[in-house]
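Reading through the structure tokens given below for one structure.
2 protein chains.
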Amino acid sequence: MIQILTYDGTTDADIFQRIHSSSGLEEAVAGIITEVREGGDEGLLRCCARFDGAAPSHLEVTPEELQAAFDGVDPKFLAILEKAAANITAFHSCQRRNSFILNDQTGIVLGQKVLPLERVGLYVPGGTALYPSSVLMNALPAKIAGVEELIMVTPAKEGNISPMILAAAKIAGVDRIFKVGGAQAVAALAYGTESIPKVDKIVGPGNAYVAEAKKQVFGLVDIDMIAGPSEILIVADGTGNPRHLAADMLSQAEHDKLASAVLVTDSPQLAAGVNLELERQLPLLPREDIARHAIEHHGKIILTANLETAIQLANRMAPEHLELCLDTPFDYLDQVRHAGSVFLGKNCPEALGDYLAGPNHTLPTSGTARFSSPLSVDDFVKKYQYTYYTGEALAAVAEEAAYFAEQEGLSAHARSLLVRLEAAVSIP
Amino acid sequence: MIQILTYDGTTDADIFQRIHSSSGLEEAVAGIITEVREGGDEGLLRCCARFDGAAPSHLEVTPEELQAAFDGVDPKFLAILEKAAANITAFHSCQRRNSFILNDQTGIVLGQKVLPLERVGLYVPGGTALYPSSVLMNALPAKIAGVEELIMVTPAKEGNISPMILAAAKIAGVDRIFKVGGAQAVAALAYGTESIPKVDKIVGPGNAYVAEAKKQVFGLVDIDMIAGPSEILIVADGTGNPRHLAADMLSQAEHDKLASAVLVTDSPQLAAGVNLELERQLPLLPREDIARHAIEHHGKIILTANLETAIQLANRMAPEHLELCLDTPFDYLDQVRHAGSVFLGKNCPEALGDYLAGPNHTLPTSGTARFSSPLSVDDFVKKYQYTYYTGEALAAVAEEAAYFAEQEGLSAHARSLLVRLEAAVSIP
Chain A
40 MIQILTYDGT TDADIFQRIH SSSGLEEAVA GIITEVREGG DEGLLRCCAR FDGAAPSHLE
100 VTPEELQAAF DGVDPKFLAI LEKAAANITA FHSCQRRNSF ILNDQTGIVL GQKVLPLERV
160 GLYVPGGTAL YPSSVLMNAL PAKIAGVEEL IMVTPAKEGN ISPMILAAAK IAGVDRIFKV
220 GGAQAVAALA YGTESIPKVD KIVGPGNAYV AEAKKQVFGL VDIDMIAGPS EILIVADGTG
280 NPRHLAADML SQAEHDKLAS AVLVTDSPQL AAGVNLELER QLPLLPREDI ARHAIEHHGK
340 IILTANLETA IQLANRMAPE HLELCLDTPF DYLDQVRHAG SVFLGKNCPE ALGDYLAGPN
400 HTLPTSGTAR FSSPLSVDDF VKKYQYTYYT GEALAAVAEE AAYFAEQEGL SAHARSLLVR
460 LEAAVSIP
Chain B
40 MIQILTYDGT TDADIFQRIH SSSGLEEAVA GIITEVREGG DEGLLRCCAR FDGAAPSHLE
100 VTPEELQAAF DGVDPKFLAI LEKAAANITA FHSCQRRNSF ILNDQTGIVL GQKVLPLERV
160 GLYVPGGTAL YPSSVLMNAL PAKIAGVEEL IMVTPAKEGN ISPMILAAAK IAGVDRIFKV
220 GGAQAVAALA YGTESIPKVD KIVGPGNAYV AEAKKQVFGL VDIDMIAGPS EILIVADGTG
280 NPRHLAADML SQAEHDKLAS AVLVTDSPQL AAGVNLELER QLPLLPREDI ARHAIEHHGK
340 IILTANLETA IQLANRMAPE HLELCLDTPF DYLDQVRHAG SVFLGKNCPE ALGDYLAGPN
400 HTLPTSGTAR FSSPLSVDDF VKKYQYTYYT GEALAAVAEE AAYFAEQEGL SAHARSLLVR
460 LEAAVSIP
């Protein structure tokens with residue numbers, strides 16, 4: 040049973056497990072990166088042999104391998120992948136941005152151009168956690184942004200990659216796939232090798248080695264966020280179904296022993312009911328061990344006087360996932376300020392968003408939703424600005440701009456403006 | 040004289056000084072941060088006394104101080120500040136984004152909400168480098184984004200802040216101003232003290248201590264980019280005016296001994312002419328020492344066979360500032376892929392963009408324009424997504440989503456979907 044807490048809107052409840060670990064991986068990962076940076080393919084293959092037991096016989100997945108994997112996947116699953124891809128594409132296409140041009144002063148043109156990143160690397164974990172959904176969620180926004188070359192890396196077991204992962208990659212339009220994983224794969228993407236081209240940005244989830252490697256190459260290339268443990272916060276009133284709400288909490292809890300699942304409600308009856316349901320449902324789960332650990336350590340049920348205070352607590356926690364399990368959830372949406380992804384109403388379990396609904400499932404964790412956003416097309420574009428002045432337009436402002444520069448003590452800046460007014464101003 | 044190099048489009052010229060220093064500041068800054076985090080105002084004031092000689096008698100600038108400073112500034116300069124603010128506002132207002140809603144399937148509503156950050160901290164350096172332009176360039180996009188509370192911190196000399204800085208803050212709509220600087224000011228913004236509220240993001244330039252402090256608090260709060268030395272790359276043909284081009288290179292060079300100024304041209308005559316002009320103009324500059332060091336160490340003149348190759352080199356370098364000093368610059372704009380801010384034509388010195396034109400002057404350096412963007416309204420907003428399904432809409436997809444979840448080995452995810460189909464599916 041979870042202890043039921045009370046929140047009155049004033050105290051600062053420590054609701055989620057917030058981890059700031061300092062790992063001892065740094066040196067090991069730094070060594071791997073150096074080996075790949077200096078050794079290229081040779082260094083990369085050495086690392087693969089050392090960490091994965093064997094280096095792949097060929098680094099790149101061939102079109103034939105890809106097609107064979109695709110053909111081998113259950114058609115039912117392929118159809119679901121296609122449907123998920125269509126929904127993700129529809130949603131993320133709304134995120135596309137246009138360049139703009141501003142020309143409201145005679146002789147002056149200002150603009151901002153939005154351009155896709157040229158080449159992006161996508162890390163896909165191997166091992167027990169095989170998430171084709173992550174391939175779609177990372178690859179599709181990149182392709183919708185217009186990324187020219189999307190390069191996937193993923194560890195191969197005895198030369199093979201999961202056909203589900205390859206099928207998702209094919210559906211999402213991944214351009215090239217390499218059979219490498221771990222910190223060495225991140226290093227290869229960041230620095231380039233003879234076989235693997237250097238990219239501009241690296242995205243995708245990975246283990247502690249991968250996350251550390253991404254941190255270390257950040258700056259040379261861009262990276263996406265480094266995700267913390269998964270979190271859900273559910274706001275429900277007395278009309279909530281304890282059976283459904285417990286199932287939603289457990290869906291988060293099965294991810295990871297560090298995952299947090301929190302229910303906030305104004306109904307003591309519901310709180311008690313959900314608590315009982317958690318106990319009843321836990322033994323039904325194949326991943327009971329993980330889920331039980333997460334629920335017992337990071338699960339919470341919190342009572343508030345009303346729904347407004349419940350949402351206020353949600354804003355304070357800025358959860359990765361927020362469910363408003365209410366009959367009229369749109370009445371409350373405006374109160375939500377800080378969350379990654381919000382699930383509205385009683386028919387919208389968070390798992391719908393993990394797979395099919397369309398919004399992204401790569402979300403800010405650990406309270407960072409206060410200032411960061413779900414993965415989106417924005418993460419795969421960059422902008423530059425431009426400025427054009429005619430001679431007349433420059434002449435009208437050059438002396439003012441030069442005066443400003445002089446105030447900042449930057450005379451050469453002033454000179455570069457005034458030197459163009461040859462006729463009007465005398466400057467050596 | 041700068042050595043004139045040749046670039047044929049194939050070799051990888053190392054054009055800009057690219058710095059990856061590892062500083063010994065880390066521990067010192069970590070200590071300061073701990074002192075402020077643990078000591079609050081008291082710790083903060085202790086740090087101010089230790090590093091600035093004295094702690095300010097009161098931390099926050101009063102409305103009276105602000106008004107007095109404003110009234111004391113030369114009206115001519117105020118008018119220029121107002122004009123700059125108007126241009127910056129006009130340009131950045133084009134960057135505002137709308138939320139969107141997607142409702143093209145019956146019973147399904149998807150959306151993305153764009154919200155301003157609640158509270159942002161702006162660091163403004165004191166000392167010799169007083170840049171009111173930076174106040175405008177950082178504060179205006181934040182206020183245009185809708186940031187509720189913009190908190191400025193800046194070191195005070197004997198209790199006073201430069202009136203120019205205060206005037207710029209007033210014009211830009213900064214909400215509160217505190218007389219603290221250095222790593223301790225960054226720590227106060229990141230953790231909050233009794234006097235200084237905790238913010239969601241910290242922006243603005245600063246010295247090595249400030250930059251290191253921003254790095255260390257990153258994650259707890261968001262930060263803007265950490266800028267490297269300033270860079271300009273100028274593309275010019277034989278019609279260029281050597282006098283103007285040399286002045287533009289020197290305007291960049293006077294910033295910093297590490298600044299880079301590069302001319303790329305297809306005209307050997309122009310290359311020689313600019314080289315002579317650099318020598319002629321250098322002694323005319325008050326900051327000759329700095330500019331000469333920068334030009335001699337990081338200045339380059341590079342010959343290419345044609346303008347296309349010149350722009351190809353610019354893309355390879357992804358310079359912070361790019362001038363296309365050509366008669367028909369818009370003919371070439373489409374070839375530009377990687378740059379921070381582009382200045383088009385012969386009447387558009389980069390300094391125009393530093394002060395008045397309207398586009399931002401906080402730009403990606405060190406080649407990061409390949410994947411990052413000028414500071415913009417985007418840096419002061421965040422997004423969240425939402426999803427709503429009716430019972431019927433859920434029923435239509437729940438089994439497919441559950442099947443997907445089972446393929447990923449996440450049974451509790453599947454359960455949370457199926458448990459809602461009580462009538463149709465039997466699930467314990």
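So the protein sequences, as listed, match chains A and B. If you read the first sequence in the numbering used here, its first letter stands for residue 40, the second for the next number, and so on. If you read the second sequence in the numbering used here, its first letter stands for residue 40, the second for the next number, and so on. The beta carbon of each residue, even a glycine, is placed where N, CA and C say it ideally should be. As the structure is a computational prediction, the values presented were derived from the model and not from experiment.
Span of the beta strand (DSSP E) around residue i
| i | result |
| --- | --- |
| Asn362 (chain B) | Asn is not the amino acid found at residue 362 (chain B); the sequence shown has Glu there. His360 to Cys364 is the span of the beta strand (DSSP E), which, as asked, contains Glu362 (chain B). |
| Phe382 (chain B) | Ser380 to Leu383 |
| Ile341 (chain A) | Gly338 to Leu342 |
| Arg282 (chain B) | Element bounds for Arg282 (chain B): not the beta strand (DSSP E) but the alpha helix (DSSP H), Pro281 to Ala292. |
| Met264 (chain B) | Run containing Met264 (chain B): none; DSSP gives neither H nor E here. |
| Thr45 (chain B) | Ile43 to Thr45 |
| Tyr170 (chain B) | Taken as a continuous stretch (DSSP letters only), Tyr170 (chain B) belongs to no beta strand (DSSP E), as it is neither H nor E. |
Closest by C-alpha distance to residue i, when choosing among the options
| i | options | result |
| --- | --- | --- |
| Ala93 (chain A) | A:Glu197, A:Leu259, A:Gln374 and A:Pro467 | A:Glu197 |
| Ala298 (chain A) | A:Leu324, A:Leu323, A:Ala286 and A:Ile271 | A:Ile271 |
| Leu309 (chain B) | B:Ile340, B:Asn354 and B:Ala333 | B:Ile340 |
| Glu359 (chain A) | A:Ala107, A:Glu251, A:Ile273 and A:Ser172 | A:Ile273 |
| Ile329 (chain B) | B:Leu228, B:Glu293 and B:Pro388 | B:Glu293 |
| Phe90 (chain A) | A:Val68, A:Arg76 and A:Thr404 | A:Val68 |
| Leu84 (chain A) | A:His377, A:Arg76 and A:Pro95 | A:Pro95 |
| Leu175 (chain B) | B:Thr167, B:Ala124, B:Asn199 and B:Ala129 | B:Ala124 |
| Tyr248 (chain B) | B:Ile43, B:Glu65 and B:Ser450 | B:Glu65 |
| Asn399 (chain B) | A:Thr426, A:Leu154, A:Pro202 and A:Leu395 | A:Thr426 |
| Asp393 (chain A) | A:Ser465, A:Asp287 and A:Leu342 | A:Asp287 |
| Gln144 (chain B) | A:Ala396, A:Glu445, A:Glu104 and A:Glu74 | A:Ala396 |
| Glu99 (chain B) | B:Val303, B:Leu372, B:Ser138 and B:Val213 | B:Val213 |
Beta bridge counterpart(s) of residue i as assigned by DSSP
| i | result |
| --- | --- |
| Pro322 (chain A) | DSSP lists no partner for Pro322 (chain A). |
| Phe139 (chain A) | A:Gln151 |
| Ser299 (chain B) | B:Glu270 |
| Lys422 (chain B) | B:Val153 |
| Val192 (chain A) | A:Tyr162 and A:Phe217 |
Range covered by the alpha helix (DSSP H) that runs through residue i
| i | result |
| --- | --- |
| Val225 (chain A) | Gly221 to Tyr230 |
| Leu433 (chain A) | Gly430 to Gln446 |
| Val242 (chain B) | Premise fails: Val242 (chain B) lies in the beta strand (DSSP E), Lys240 to Val242, not in any alpha helix (DSSP H). |
| Leu117 (chain B) | Pro114 to Ser132 |
Proximity below 8 Å, CB of residue i to CB of residue j
| i | j | result |
| --- | --- | --- |
| Asp418 (chain A) | Glu233 (chain A) | no |
| Val260 (chain A) | Val238 (chain A) | yes |
| Asn246 (chain B) | Pro194 (chain B) | no |
| Glu447 (chain B) | Tyr170 (chain A) | yes |
| Asn345 (chain A) | Asp305 (chain A) | yes |
| Ala432 (chain A) | Leu457 (chain A) | no |
| Gln320 (chain B) | Ala285 (chain B) | yes |
| Val313 (chain A) | Val242 (chain A) | no |
| Gln439 (chain B) | Ile119 (chain A) | The sequence shown places Glu at residue 439 (chain B), rather than the Gln named in the question. Yes, they are a contact pair. |
| Val416 (chain A) | Pro236 (chain A) | no |
| Cys87 (chain A) | Gln255 (chain A) | no |
| Asp276 (chain A) | Leu365 (chain A) | yes |
| Ser412 (chain A) | Lys422 (chain B) | yes |
| Gly150 (chain B) | Tyr428 (chain B) | no |
| Cys133 (chain B) | Phe139 (chain A) | yes |
| Ala451 (chain B) | Leu324 (chain A) | yes |
Checklist entry - Of all the residues that make up the stretch 419 to 441 of chain A, which are near chain B by a beta-carbon distance shorter than 9 Å? => result Listed in sequence order: Val420, Lys421, Lys422, Tyr423, Gln424, Tyr425, Thr426, Tyr427, Tyr428, Thr429, Gly430, Glu431, Ala432, Leu433, Ala434, Val436, Ala437, Glu439, Ala440 and Ala441.
Chain A contacts from the stretch 110 to 126 of chain B (Cβ-Cβ distance under 9 Å):
Interface annotation for the stretch 110 to 126 of chain B against chain A: Asp113, Lys115, Phe116, Ala118, Ile119, Leu120, Lys122, Ala123 and Asn126, criterion Cβ-Cβ distance under 9 Å.
Open item on the list: By the 8 Å beta-carbon criterion, what residues does the stretch 349 to 379 of chain B contribute toward chain A?
Closed with: Answer set for the stretch 349 to 379 of chain B: Pro368, Phe369, Leu372, Val375, Arg376, His377, Ala378 and Gly379.
Looking at chain B, which residues of the stretch 190 to 207 of chain A have a Cβ within less than 9 Å of any of its Cβ atoms?
-> Against chain B - using a Cβ distance shorter than 9 Å - the residues of the stretch 190 to 207 of chain A are Met203.
Tell me which residues of the stretch 265 to 289 of chain A have at least one Cβ-Cβ distance to chain B shorter than 7 Å, keeping chain order. Contacts with chain B (Cβ-Cβ distance below 7 Å) from the stretch 265 to 289 of chain A involve Arg282, His283, Ala286, Asp287 and Leu289, listed in chain order.
- Scan the stretch 322 to 334 of chain A for residues whose Cβ lies nearer than 8 Å to a Cβ of chain B and list them as they occur along the chain. Legend: CB atoms of the stretch 322 to 334 of chain A lying less than 8 Å from CB atoms of chain B belong to residues Leu323, Leu324, Pro325, Arg326 and Ala330.
* Asked: Between the stretch 210 to 228 of chain A and chain B, which residues of the former have a C-beta closer than 9 Å to a C-beta of the latter?
  -> Considering only beta carbons, no part of the stretch 210 to 228 of chain A lies closer than 9 Å to chain B.
Quiz prompt | Interfacial residues, the stretch 237 to 251 of chain B to chain A, with Cβ spacing under 7 Å | solution = Listed in chain order, the positions of the stretch 237 to 251 of chain B with a beta carbon within less than 7 Å of a beta carbon of chain A are Asp239 and Lys240.
Check each residue of the stretch 445 to 459 of chain B: if its Cβ is closer than 7 Å to any Cβ of chain A, include it; give the result in chain order.
For the stretch 445 to 459 of chain B, the set of positions with a beta-carbon nearer than 7 Å to some beta-carbon of chain A reads Gln446, Glu447, Leu449, Ser450, Ala451, His452, Arg454, Ser455, Leu456, Val458 and Arg459 in chain order.
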